[in-house]
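**Q**
Protein chains in written order, with our numbering: chain H, 1 to 186; chain W, 1001 to 1286.
Structure, rendered in structure tokens:
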């Protein structure tokens, strides 16, 4: 009988507590048995791409398009792998940089951190990701630069790009999630 | 015999035969469902994956027979526990739900005959309450997070979804647009956008109302059977619309556990759902 009571108490008490905690941003609604599956969009890499932008411009006011930077892990090109499995892309503005070797094991660390960014305390993990990249860049003696990070959804692009619908028409879809005070790549 | 709000629908037999037979059917259904899920989730071409697959197959087979059922439940309890540890802290709620169901099956030793002094329904009641809790709190979470309240949940796949849900929603909206356009009820972009908004918000709210309301109605004796049938049908429709076939088959199992009038019908429904689950991995490979 005690098992039964404890079990019923767990079923009744944990989900409301889970709701309060997941709303406060401690963890995803999809985790830890609060039955909040589909209550928030599933945080897949495709839906929530993460971009790292290296601004190498000497004159920040100069406008130019961002270009994709190739990422290597101990010599192996992992750009596509990171894009597909971690939803992570590197871009550069200005300068001559077109390829960065972040060192052995960097790809796995980046993928795990990106997963954490989408699941848990987003702002903190996004800053962790930034610090990790910055640390590797310091070792590579990268020229003076500014580093920007962005977490977003592709739905807003899909609105205007695929269906030709103004983003303002469906305000509820334009749910872009950016870290505060960090500009978006797009 | 337990009665009242937590009773499993249709569980009026006095000799214990209903829960005994239902337990067998439910356990076989769960065994095949678990094996199908893990088979897809855990690749077998590594030594570790192969070992897990073999253990999972042994556990599922054991769960289907009365003498070895408890051993099978024990094997599966450990396998899902391993999955919880492997994926922590990113463990999906589905694994936690499966582990809870296995915990209930483990906590009550397998007995297929009614015993004096023992309430034969207590285990099925707990499983039943677990399912109702999942439905109810899934609805509460949808209200709490707001993703469904503003229609975003339907608007996102409607506008950018490549899956069957997105295609189905776009087809439904275009039908409504053409019907309203033919009747000259709306004209101009703004009015059509308003219709699309109402469409998305209406569907989202319908999901919330079903998830919160039907489990509550299932606690009322007079509406229990109808509410259970509604839950099962809702789960089947959502699963089929969204392309998540295993979700729809779970709906069949839910109807089987709760709503059919005769024990043979429930047994047949659970067996059908189990058969679908057994064939699903093979079907997905082609």
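Quick reminder that beta carbons are idealized off the backbone N, C-alpha and C, glycines included.
Can you tell me the Cα-Cα spacing of residue 73 of chain H and residue 101 of chain H, whole angstroms?
**A** Whole-angstrom Cα-Cα distance: 6 angstroms.
**Q** Can you check whether the C-beta of residue 22 of chain H is within less than 9 angstroms of a C-beta belonging to chain W?
**A** With 9 angstroms as the cut-off, residue 22 of chain H counts as an interface residue toward chain W.
**Q** Can you tell me whether residue 31 of chain H is buried or exposed, with buried defined as 16 or more other CB within 10 angstroms of its CB?
**A** That one is buried.
**Q** Please list the partners that residue 8 of chain H has in chain W, where partner means a Cβ-to-Cβ separation under 7 angstroms.
**A** Here the neighbours are 1129.
**Q** Between which two residues does the beta strand (DSSP E) containing residue 89 of chain H stretch?
**A** Run containing residue 89 of chain H: 88–93, per the beta strand (DSSP E) assignment.
**Q** Taking the C-alpha atoms as reference points, what is the distance between residue 136 of chain H and residue 109 of chain H?
**A** Roughly 12 angstroms between the two C-alpha positions.
**Q** So, is the C-beta of residue 30 of chain H closer than 9 angstroms to a C-beta in chain W?
**A** Yes - at least one Cβ of chain W is within 9 angstroms of the one on residue 30 of chain H.
**Q** Distance cutoff 9 angstroms, beta carbons only. Does residue 1144 of chain W sit that close to anything in chain H?
**A** By this cut-off, residue 1144 of chain W is an interface position.
**Q** Examine chain H for any beta-carbon lying closer than 9 angstroms to the beta-carbon of residue 1102 of chain W, and answer yes or no.
**A** No - not a single Cβ of chain H is within 9 angstroms of the one on residue 1102 of chain W.
**Q** Could you check whether the region 1140–1151 of chain W touches the region 1230–1243 of chain W, counting it as contact only if at least three pairs of C-beta atoms, one from each stretch, sit closer than 8 angstroms?
**A** With a cut-off of 8 angstroms, the region 1230–1243 of chain W and the region 1140–1151 of chain W do not count as touching, because too few Cβ pairs lie within range.
**Q** Note down the Cα distance separating residue 1202 of chain W from residue 144 of chain H, rounded to an integer number of angstroms.
**A** Roughly 53 angstroms between the two C-alpha positions.
**Q** Is the shortest distance between the beta-carbon of residue 3 of chain H and the beta-carbons of chain W less than 9 angstroms?
**A** Yes, because at least one Cβ of chain W sits closer than 9 angstroms to the Cβ of residue 3 of chain H.
**Q** How many whole angstroms separate the CB atoms of residue 53 of chain H and residue 148 of chain H, which I take to be in contact at a CB cut-off of 8 angstroms?
**A** Confirmed, Cβ separation roughly 4 angstroms.
**Q** For residue 65 of chain H, go through chain W and note every residue whose CB falls closer than 7 angstroms to its CB, in chain order.
**A** Result: empty, since nearest Cβ-Cβ is about 24 angstroms, beyond 7 angstroms.
**Q** Between the region 1055–1068 of chain W and chain H, which residues of the former have CB atoms less than 9 angstroms from a CB of the latter, in chain order?
**A** Here the close residues number zero.
**Q** Look at the alpha carbon of residue 1064 of chain W and the alpha carbon of residue 1265 of chain W, and state the distance between them as a whole number of angstroms.
**A** The straight-line gap from Cα to Cα measures roughly 19 angstroms.
**Q** Buried or exposed for residue 1056 of chain W, please, with buried defined as at least 16 other CB atoms from any protein chain shown within 10 angstroms of its CB.
**A** Buried, by the Cβ-count rule.
**Q** Mind checking if residue 86 of chain H is an interface residue toward chain W, Cβ cutoff 9 angstroms exclusive?
**A** No, no contact with chain W.
**Q** Would you report the Cα separation of residue 1269 of chain W and residue 1252 of chain W, rounded to the nearest angstrom?
**A** Each residue's alpha carbon lies about 7 angstroms from the other.
**Q** If you draw a straight line from the C-alpha of residue 91 of chain H to the C-alpha of residue 81 of chain H, how long is it?
**A** Going from the Cα of residue 91 of chain H to the Cα of residue 81 of chain H covers about 16 angstroms.
**Q** Between the alpha carbons of residue 38 of chain H and residue 1083 of chain W, how many angstroms are there, rounded?
**A** Rounded to whole angstroms, residue 38 of chain H to residue 1083 of chain W spans 21 angstroms at the Cα level.
**Q** Could you check what DSSP says for residue 39 of chain H in three-state terms: helix, strand or coil?
**A** Looking at residue 39 of chain H - three-state DSSP - the assignment turns out to be coil, as it is neither helix nor strand.
**Q** Answer with yes or no whether the minimum CB distance from residue 1140 of chain W to chain H is below 9 angstroms.
**A** Output row for residue 1140 of chain W: interface = yes.
**Q** Could you pull the start and end residues of the beta strand (DSSP E) that residue 72 of chain H belongs to?
**A** Unbroken beta strand (DSSP E) run through residue 72 of chain H: 70–73.
**Q** So for residue 146 of chain H, helix, strand or coil by DSSP?
**A** Residue 146 of chain H falls in the strand class under three-state DSSP.
**Q** To which residues of the same chain is residue 15 of chain H closer than 6 angstroms at the C-beta, ignoring the five residues directly before and after it?
**A** Excluding residues within five positions, the ones whose Cβ falls inside 6 angstroms are 34 and 35.
**Q** Give the single residue among W:1033, W:1126, W:1075 and W:1070 whose Cα lies nearest to the Cα of residue 1094 of chain W.
**A** That would be W:1033, whose Cα lies nearest to the Cα of residue 1094 of chain W.
**Q** With hydrogens ignored, establish whether the beta-carbon of residue 1030 of chain W is closer than 8 angstroms to any heavy atom of the ligand ATP.
**A** For the structure depicted, the ligand ATP is absent and the ligand set is empty, with no information on it obtainable.
**Q** Within the same chain, show all residues whose beta-carbon is closer than 7 angstroms to that of residue 130 of chain H, passing over the 5 residues directly before and after it, in chain order.
**A** So the qualifying residues of the chain are 147 and 149.
**Q** Decide if the region 1064–1078 of chain W is in contact with the region 1100–1109 of chain W; the criterion is three or more beta carbon pairs, one per stretch, under 8 angstroms apart.
**A** Contact between the region 1064–1078 of chain W and the region 1100–1109 of chain W is present, because at least three Cβ pairs lie under 8 angstroms.
**Q** Taking a contact to mean a Cβ-Cβ separation below 9 angstroms, would you say residue 49 of chain H touches residue 1152 of chain W in this structure?
**A** Contact flag unset, no.
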